[in-house]
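In what follows, a structure is listed as structure tokens, so that the remarks can point back to it.
Protein chains in written order, with my numbering: chain A, 36 to 239; chain B, 36 to 239; chain C, 36 to 239.
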């Protein structure tokens, strides 16, 4: 399906923007900020490709992802003040982004013939590991380890996708439905302030 | 040898438990704790497979490792208070775990035809790099960089294995002997409080 | 060209020395210091190889890199006081090192048929990512994200290389010229105290 490639590029662009903006509060120089933007955008897909053995990793196989990231950078710098105020819009795009990345990772893994459980993990990896690398490189405990329903929404969405697929739903409808479910879970969890319980060591 | 596969699963389970328990003092949410458990359990083997070019990486090629990790999680949550008190038992299992992982990494590397020095490094990598990733993700300087004889025991064990192999010892006996040597080095170093010297910069 | 292999080994040795010296101010034990030396020396090339799909990664395919790293360690420990005082010499070698690593990464990527933009990124990756891994493992925000012209010099050098190549310059002359340009950019930027602007978030 052609549209998913375009959605992938848009997701990559949005992640690059959000990566650079995150870097903005860290007093990095221009190179550091761009580096963080790049790893945020392509980190998850890279780890997924490496684990699955897809090499050269996808973003090296053409100009598409580099152009998507470059466009994200251009938008960030040309409309710096404006972009920073669009937090809500960015949040929405980011949420759409993790939905898209989950499906892309999931389908890629299934096409390579791994089992469904591994495919779900690969979908989640595509969506959230870029953020984990971003936070680790900027010396923070990854946000998704202690805040909000995020990776959990991706896992839930991936499970729904597998279920719909099993009952024979058309792929394109399944894709749209799954993205909607991931977005819905994330929005509802924030609206009603639902988060995962903190895991505490009984003796600590 | 079939038994080594089972030992590998048990090692993976123990590492998953110890990863989750480590996460327990970090105020991570449930997802974060499980994520840390997973990388602790499969991080070392994953890096080894990637460096050697074994893809999809081993834990993606079936349900075995996922079930081992899931069992570890189940045990941790069902017997939370109980597990936390079993520090000594866990410590023993962890020590057996690094022994097993060292041999598995070493044999895998030798089978792929790399030279013995590289094979020793791959054995050590299998055993200790999961802990390095765990500590890095939770924003700590890796424990094995500044505490106790740990990786050093794995390297020593791997060298003994190569020596025994060279003199013609049967593989299965060699495996058992090597695990015992690694365990012995670690236990003795803790018993007699032996650790590596701190490396200090002459001017710092 | 044979000489580039020797330069590669020398670069690896210098990076191993500088990695161990960096570790020296972190109160790591001997194993930790050597581990940091190794990742500093081979981290960039390893990530480049993994992304491009060159496995087993280059340093596993023989004794050359291990010997280079071992020699670096030997020099550091035998001449500890002496090495620590050679900061300026080390700085120069490090600068030559990133020049050499940039070219090696760039040429390797071009030989594998990726596009020029990706090849430039791979050249830069070879040169600077080892330092990123070193800093991340020792719990620091990577130096190259907020200090001096460093990665930028590699990127500029790689672009010059492509330009010279395009106009038909002989490879060996191009290599020497590019290393000189990278060195010149770095030295001039330090001499005249030029650095990249800090990227600040407009609202932070």
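Ideal Cβ placement from N, Cα and C applies to all residues, glycine included. Predicted model only: the values in this text are computed from it and were never measured.
- Residues of the region 170-198 of chain A with a CB closer than 9 Å to any CB of chain C: list them in chain order, please. 171, 172, 173, 174
- Task: Return the chain-ordered ranges of every alpha helix (DSSP H) run that is complete within the region 194-229 of chain C and spans a minimum of 4 residues.
- Result: Runs found: 206-226.
- In angstroms with no decimal places, state the Cα-to-Cα distance between residue 78 of chain B and residue 209 of chain B. 26 Å
- Query: If you check the beta carbons only, do residue 129 of chain B and residue 224 of chain B fall under 9 Å apart?
  - Reply: no
- Item | Neighbouring residues, chain A, relative to residue 70 of chain B (Cβ below 7 Å) | By Cβ distance, chain A contributes 180.
- Start and end of the alpha helix (DSSP H) containing residue 150 of chain B? Per DSSP, residue 150 of chain B lies in no alpha helix (DSSP H) segment and is marked neither H nor E.
- With burial defined as no fewer than 16 other Cβ atoms inside 10 Å of the residue's Cβ, what is the status of residue 239 of chain C: buried or exposed? Low confidence applies here, because residue 239 of chain C scores a pLDDT of 45, under 50, leaving its location unreliable and the question unanswered by this model.
- residue 239 of chain A - DSSP class collapsed to helix/strand/coil: Residue placement at residue 239 of chain A is flagged as unreliable, the pLDDT there being 45, under the threshold of 50; the coordinate-derived value follows with that caveat. The answer is coil: DSSP assigns residue 239 of chain A none of H, G, I, E or B.
- Task: Using beta-carbon positions only, say whether residue 137 of chain C and residue 61 of chain C come within less than 9 Å of one another.
- Result: no
- Query: residue 146 of chain C to residue 206 of chain C, Cα distance in whole Å?
  - Reply: 13 Å
- In whole angstroms, what separates the C-alpha of residue 111 of chain B from that of residue 186 of chain A? The alpha-carbon atoms of residue 111 of chain B and residue 186 of chain A are separated by roughly 21 Å.
- Item | Identified DSSP bridge partners for residue 64 of chain A | The partner list for residue 64 of chain A (beta bridge, DSSP) reads C:233.
- Task: Could you tell me whether any Cβ in chain A is nearer than 9 Å to the Cβ of residue 239 of chain B?
- Result: Low confidence applies here, because residue 239 of chain B scores a pLDDT of 45, under 50, leaving its location unreliable and the question unanswered by this model.
- Counting only runs that start and end within the region 55-114 of chain B, where is the alpha helix (DSSP H) found for 4 or more residues in a row? Those alpha helix (DSSP H) runs which fall completely within the region 55-114 of chain B and span 4+ residues are 65-87, 99-113.
- Kindly indicate the opening and closing residues of the alpha helix (DSSP H) around residue 131 of chain B. 122-146
- Whole-angstrom distance between residue 108 of chain C and residue 44 of chain C, CA atom to CA atom: 13 Å
- Message: Contact defined as beta carbons within less than 8 Å: I believe residue 242 of chain B pairs with residue 192 of chain B. What is the distance between those atoms, to the nearest angstrom?
- Response: It is not possible to answer for residue 242 of chain B, since the shown part of chain B is limited to 36 through 239.
- Query: In chain C, which residues lie less than 7 Å from residue 235 of chain B when you measure between Cβ atoms?
  - Reply: 59
- Task: Would you kindly check if the distance between the Cβ of residue 59 of chain A and the Cβ of residue 119 of chain A is under 9 Å?
- Result: Cβ distance < 9 Å, so residue 119 of chain A and residue 59 of chain A count as in contact.
- Message: Alpha carbons only, please: which of C:230, C:161, C:196 is nearest the one belonging to residue 182 of chain C?
- Response: Taking residue 182 of chain C as reference, the option from C:230, C:161, C:196 with the minimal CA-CA separation is C:230.
- Query: From residue 90 of chain B to residue 83 of chain B, what distance separates their C-alpha atoms?
  - Reply: 11 Å
- Query: Taking 9 Å as the CB-CB limit, is residue 129 of chain A close to chain C?
  - Reply: no
- Cβ distance (whole Å) where residue 74 of chain B is taken to contact residue 85 of chain B below 8 Å: Rounded, the Cβ-Cβ distance is 14 Å, inconsistent with contact.
- Determine the burial state of residue 202 of chain C: buried for a count of at least 16 other Cβ atoms within 10 Å of its Cβ, exposed for fewer. exposed
- Run down chain A in chain order and give the residues with a C-beta less than 9 Å from the C-beta of residue 90 of chain B. 85, 86, 87, 88, 89, 90
- Determine, using beta carbons only, whether residue 148 of chain C and residue 190 of chain C come nearer to each other than 9 Å. no
- Helix, strand or coil: how does DSSP classify residue 176 of chain C here? coil
- Item | Listed by chain order, chain C residues near residue 44 of chain A by CB distance under 7 Å | Within chain C, no residue comes near residue 44 of chain A; the closest Cβ sits about 16 Å away, beyond 7 Å.
- Task: Please compile the residues from chain F whose C-beta is within a distance smaller than 8 Å of the C-beta of residue 150 of chain B.
- Result: In the structure shown, chain F cannot be found, because the protein chains are A, B and C.
- Task: Would you mind telling me which residues of chain B sit closer than 7 Å to residue 230 of chain A, beta carbon to beta carbon, in chain order?
- Result: 64
- Report the neighbours of residue 240 of chain C on chain B: residues whose CB is nearer than 7 Å to its CB, in chain order. No information on residue 240 of chain C is available, as it lies outside the stretch 36 to 239 that chain C covers here.
- Task: For residue 221 of chain C, collect the residues of the same chain with a Cβ closer than 8 Å to its Cβ; drop the 5 residues on either side in sequence, then sort them by chain order.
- Result: 130, 133, 183, 184, 185, 188
- Message: Does any residue of chain C have a CB that is nearer than 9 Å to the CB of residue 141 of chain B?
- Response: no
- Message: Suppose the cutoff is 7 Å on Cβ atoms and the five residues either side in sequence are ignored; what does the same chain contact list for residue 179 of chain C look like?
- Response: 163, 166, 167, 185, 186
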